[in-house]
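Student:
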Amino acid sequence: MSKASSDLVKELRIAIRTGQVVIGSRRTVKMVLLGKAKLVVIASNAPPELREDIYRYAKLSNIKVIEAPLTNTELGAAIGKPFSVASLAIIDPGES
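Note that the sequence shown covers residues 1 to 96 in the UniProt record's numbering.
(1) Measuring alpha carbon to alpha carbon, tell me which of Ala46, Arg26, Gly19 ends up nearest Leu75.
(2) Could you have a look at Val85 and say whether DSSP puts it in helix, strand or coil?
(3) Can you tell me the Cα-Cα spacing of Glu11 and Ser5, whole angstroms?
(4) Leaving out five residues before and five after Thr28 in sequence, what residues of the same chain have Cβ atoms less than 8 Å from its Cβ?
(5) Throw me the rounded Cβ distance for the Ser84 and Asn72 pair, which I believe falls under 8 Å.
(6) Let me check one thing: in DSSP terms, what residues is Glu67 bridge-paired to?
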């Protein structure tokens, strides 16, 4: 894992522990549509339709989107989940 990847994973873990993070494609898109997300992270192999929707809606709400250099399986494992995660939205970054 590169330094950028490990830094991202470290910050995501802190945000999950101390802030509010929404996991899952539908919930992420919903938070972006509502303008509640501060940041969105997308896995490198997220479906193209999901990617397009998130970028389109995030642009309308001026929400930053980061493409993680991790697959959905790696992203899920990196944040301590036993399932794959294609996208997540950070609502409150907590101490990260």
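Ideal Cβ positions, reconstructed from N, Cα and C, are used throughout, including at glycine.
Tutor: In brief:
(1) The shortest C-alpha separation from Leu75 is found at Ala46.
(2) In this structure, Val85 counts as coil in the three-state DSSP scheme.
(3) Their backbone Cα atoms lie some 10 Å apart in a straight line.
(4) Contacts found: Val22, Ala37, Val40, Ile54, Ser87, Leu88, Ala89.
(5) Their Cβ separation, rounded to whole angstroms, is 4 Å, which keeps Ser84 and Asn72 in contact under 8 Å.
(6) Note: Glu67 is bridge-paired with Ile42 in the DSSP secondary-structure output.
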